[in-house]
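Chains as they are written, first to last, in the numbering used here: chain F, 18 to 215; chain V, -12 to 316. Think of the CB as a built atom: it goes at the ideal place given N, C-alpha and C, for glycine as much as any other residue. To start, the structure under review is shown below, and the notes come after it.
Structure, rendered in structure tokens:
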């Protein structure tokens, strides 16, 4: 049966078999979609502990137990991408490069790149015009959106990619770490203005 | 032959979308009637051809050869072969021409009095009755009212992926393509409720993307239009009034519009007159206070993957909000 395979063909056959095995492994290791989060776990997402200055802090324990879904899972990142448009973020932040609101892509995070800080910014609002979305989105949606915002501002691309977008391309795609490409040292100093009481 | 015909037609009927008020073989509008005639014509012609071929084949297999005909030799069959080829050409040409004429007769006439925009969304139908006077424009969802005996132009758009608009009893299929606008002629000859559904796989809940086309007598239609143009009714009972307050303070109002209140979200279905619609969640459940409560309490269990989040509510809030929804006639 194998007599027909001469030496020159083995590397191709081995590559093919390796690709099939790798594909099977990726299919097996694929993260299942969590369409319905258990209400107690969703409620626990609200229990993040912020530092007194409102920057950084500890996410709820259940967040780690679930495997940090909202910042790594492709489904949740895609939901975040949809919510970014649905809840009007582009009206101030455009495609992430900012306009009235600050840019996510210039390499500077006013309140740090941690998920808790971004969640707190969306949920409770921030000085200088960022509104609170506490009464407009569920806490789970806020975590999904925060994961997406963190993705477009990340220096290294995440493994999980967001869904495809058919809009006009205005900046490098989310899975190319646009913040690294568009990093702008700019006129902003090392300690950017965080507002009178951040 | 009659049995074979009935069998063939019933197979076609299953393929054409069930029975009753959603069937291409129960056509109730001019475009659908043309399509039904074409379906029956092609089926009958093909059945007759098939039967003739089978008869000839059977005869060829069973006939006795005469014993003294000598060694087998090539016989010219010019007459039979050429007449069979000619018959094939004529039949195929006739079916093609019939198909062309049907396509032409179900096309849109130059000007229609009424144009309704239908936007496909994952997984529901946004229905927009636009008017030159913006105060008369309104939106509804999953339910299209049309006047009987009048050509209606349906403008088809999509907000996300490709969907397909199919009301088998009234018209053929037409795709809703993101970034494009397609048109379809809809016309009902008799009043009634005609079910339609998405006919292009569009994601997890493609099966739960149905819509109702309700053909009204012109007077009923005008009454319906007038009622839809009104703002939402003020809740009269205490629980509905409390529900309204809860609805406006919770995330509900960020996605849904209820005209006459501060709720002006545009991403979810317009709920101004949700209590007057026959079904909720694109044909998933009948509109009752109970089904509304079930839907609000846990949309991801009833229709997994849809874009409505589970909003945490207390039991009292849930009861009040569903009472409010039901009161929005």
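- The DSSP-derived three-state label of residue 286 of chain V is helix.
- In this structure, residue 134 of chain V sits away from residue 224 of chain V, with a CB-CB distance that is not shorter than 8 Å.
- The stretch 111 to 130 of chain F and the stretch 167 to 174 of chain F touch, with three or more beta-carbon pairs separated by less than 8 Å.
- Linking residue 45 of chain V to residue 155 of chain V through their CA atoms gives a straight-line distance of about 39 Å.
- A distance below 8 Å separates the beta carbons of residue 182 of chain V and residue 199 of chain V.
- When Cβ-Cβ separations below 8 Å define contact, residue 155 of chain F makes contact with chain V.
- Taking 7 Å as the Cβ-Cβ cut-off, the stretch 239 to 262 of chain V approaches chain F at 241 and 254, given in chain order.
- For residue 69 of chain F, there are no neighbours in chain V by C-beta distance under 9 Å, as the nearest C-beta there is about 27 Å away.
- Taking C-alpha positions only, residue 69 of chain V is separated from residue 21 of chain V by approximately 33 Å.
- If you draw a 10 Å sphere on the C-beta of residue 18 of chain V, you find 16 or more other C-beta atoms in it, and that means buried.
- Collapsing the DSSP output to three states places residue 160 of chain F in a helix.
- The three-state reading of DSSP puts residue 169 of chain V in strand, counting E and B together.
- Secondary structure at residue 150 of chain V: strand, using DSSP grouped into helix, strand and coil.
- Between the C-alpha atoms of residue 171 of chain V and residue 126 of chain V there is a straight-line separation of about 19 Å.
- Chain-ordered, the chain F residues with CB closer than 8 Å to the CB of residue 236 of chain V read 152.
- When secondary structure is reduced to three states using DSSP, residue 142 of chain F falls in the coil class, being assigned neither helix nor strand.
- Proximity of residue 103 of chain F to chain V, defined by a Cβ-Cβ separation below 8 Å, is satisfied.
- Excluding sequence positions up to five before and after residue 8 of chain V, its CB lies within less than 7 Å of the CB of 156, 179, 180, 181 and 182, all in the same chain and listed in chain order.
- The CB of residue 288 of chain V comes closer than 8 Å to the CB of 53 in chain F, given here in chain order.
- Here residue 131 of chain V is not near residue 93 of chain V, since their CB atoms are 8 Å or more apart.
- Looking at V:259, V:292 and V:119, the one whose alpha-carbon comes closest to that of residue 191 of chain V is V:292.
- A Cβ-Cβ separation of about 11 Å leaves residue 259 of chain V out of contact with residue 251 of chain V under the 8 Å criterion.
- Taking 4 residues as the shortest admissible run, the stretch 73 to 110 of chain F contains the following complete alpha helix (DSSP H) segments, listed from N- to C-terminal end: 78 to 82, 86 to 89, 91 to 103 and 107 to 110.
- Against chain V, the CB of residue 183 of chain F has a partner CB under 8 Å away; the residue lies at that interface.
- Residue 70 of chain F is classed as exposed because its beta carbon has fewer than 16 other beta carbons within 10 Å across all chains shown.
- Boundaries of the beta strand (DSSP E) around residue 140 of chain V: 139 to 145.
- Think of a sphere of 9 Å around the beta carbon of residue 49 of chain F: no beta carbon from chain V falls inside it, the nearest being about 12 Å out.
- For residue 265 of chain V, there is no enclosing alpha helix (DSSP H), since its DSSP letter is neither H nor E.
- Between residue 298 of chain V and chain F, the shortest Cβ-Cβ separation is below 8 Å.
- Counting C-beta atoms within 10 angstroms of its own C-beta, residue 267 of chain V has 16 or more neighbours from the protein chains shown and is therefore classed as buried.
- Of the residues assessed, residue 53 of chain V falls on the exposed side of the cut-off, its CB having fewer than 16 other CB atoms within 10 angstroms.
- Residue 112 of chain F and residue 122 of chain F have their C-alpha atoms spaced approximately 9 Å apart.
- Nearest neighbour of residue 98 of chain V by Cα position, chosen from V:67, V:109, V:139 and V:105, turns out to be V:139.
- Taking a Cβ-Cβ threshold of 8 Å, none of the residues of chain F is close to residue 190 of chain V; the smallest such distance is about 11 Å.
- For residue 67 of chain V, the closest alpha carbon among the candidates V:136, V:43 and V:165 is that of V:43.
- Residue 292 of chain V reaches chain F at 50 and 52, counting residues in chain order whose Cβ is nearer than 8 Å.
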